[in-house]
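Each step along the sequence shown adds one to the number in full-length UniProt numbering, with nothing skipped, and position 167 is 167. Each residue gets a CB set at the ideal place from its N, CA and C atoms; glycine is no exception.
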Amino acid sequence: MARLRAKLMNPETAYVELIEQLRFAMVQAGKPCLSTLGKQVGYSKATLSKVFTGKAMPSWVLVQRLGELFGIPVSVVDEWYTLWTAANMHSRKPTITSTAAVRDTGTAAVRDGESGYKCPKCGSWVVDTTLHTGWHMEIEPSGRPAPPSESIQGWHAASEEITLLRTALGNEVR
1 MARLRAKLMN PETAYVELIE QLRFAMVQAG KPCLSTLGKQ VGYSKATLSK VFTGKAMPSW
61 VLVQRLGELF GIPVSVVDEW YTLWTAANMH SRKPTITSTA AVRDTGTAAV RDGESGYKCP
121 KCGSWVVDTT LHTGWHMEIE PSGRPAPPSE SIQGWHAASE EITLLRTALG NEVR
């Protein structure tokens, strides 16, 4: 299930959310020094620094060990796995080596003679795949319906997970 959800996620967004949640968990755990933390999880201070500053993708083993060390609930670690999978899938995508023409799927208006397609998931008529996939990622992971205006401003995939994390660590959501 996590892999299916991860395929719909924006890899860059998933990576940023994962790192933010790891940082939040570290702060809530008292922000231990990296050398102490490294000894407890079996990773170097340098590796941890790169991970927490967003300069390196953590291994899943490291994410699991941090979750265990910080006392993170299994449900939150499961959400971390979804984020990690999405971010990791991006880093493993093959690069295009040929010069084949790539169709523009940007946010430009539909050109004359072009048509979209019906989304099999929600039934919407889609002319901009990138924008529509982003909409699914913003709305669906939390399980909440789209707001009446169809606006996704202020909604993000980690809202529910951050709330669970804060609740588990004893902090009120502000």
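Work out the CA separation of Lys45 and Leu37 for me, nearest whole Å.
Stepping through the sequence shown from its first residue, residue 37 is reached at position 37. Stepping through the sequence shown from its first residue, residue 45 is reached at position 45. Going by the C-alpha atoms only, they are around 8 Å apart.
Could you tell me which residues DSSP puts in a beta bridge with Val126?
As a working mapping, residue 126 is identified with position 126 in the sequence shown. Note: Val126 sits in a beta bridge opposite Tyr117.
Which residue comes first and which comes last in the alpha helix (DSSP H) that contains Gly67?
Taking the first residue of the sequence shown as position 1, residue 67 is located at position 67. Start and end: 60–70.
For Lys55, which three-state DSSP category applies?
Residue 55 sits at position 55 when you count from the first residue of the sequence shown. Residue state, collapsed to three classes: coil.
Does DSSP classify Tyr43 as helix, strand or coil?
As a first step, residue 43 is located in the sequence shown; it is residue number 43 there, counting from the start. The answer is coil: DSSP assigns Tyr43 none of H, G, I, E or B.
Would you say Trp84 and Leu18 are within 7 Å of each other, going by their C-beta atoms?
Position 84 of the sequence shown, counting from 1, holds the residue named residue 84. Position 18 of the sequence shown, counting from 1, holds the residue named residue 18. In contact: Trp84 and Leu18 (Cβ atoms closer than 7 Å).
Pull up the CB-CB distance for Met137 and Asn88, whole angstroms please, since I reckon it's below 8 Å.
Translated into positions along the sequence shown, residue 137 becomes position 137. Translated into positions along the sequence shown, residue 88 becomes position 88. So it is not a contact: roughly 16 Å between Cβ atoms.
Apply the 10 Å Cβ neighbour rule to Gly67 and answer buried if 16 or more other Cβ atoms are within range, or exposed otherwise.
In the sequence shown, the residue the question calls residue 67 occupies position 67. Buried, by the Cβ-count rule.
For Pro11, is the classification buried or exposed, using 16 other Cβ atoms within 10 angstroms of its Cβ as the cut-off for buried?
As a working mapping, residue 11 is identified with position 11 in the sequence shown. Its Cβ being crowded by 16 or more others within 10 Å, Pro11 is buried.
Taking DSSP as the reference, what is the three-state secondary structure of Ala109?
Here residue 109 corresponds to residue number 109 of the sequence shown, with the count starting at 1. Unreliable placement is indicated for Ala109, whose pLDDT of 49 sits below 50; the coordinate value is still reported in the next sentence. Three-state DSSP puts Ala109 in coil, outside helix and strand.
CA-CA distance, Gln40 and Tyr81?
What you label residue 40 is simply residue 40 of the sequence shown in a count that begins at 1. What you label residue 81 is simply residue 81 of the sequence shown in a count that begins at 1. Rounded to whole angstroms, Gln40 to Tyr81 spans 21 Å at the Cα level.
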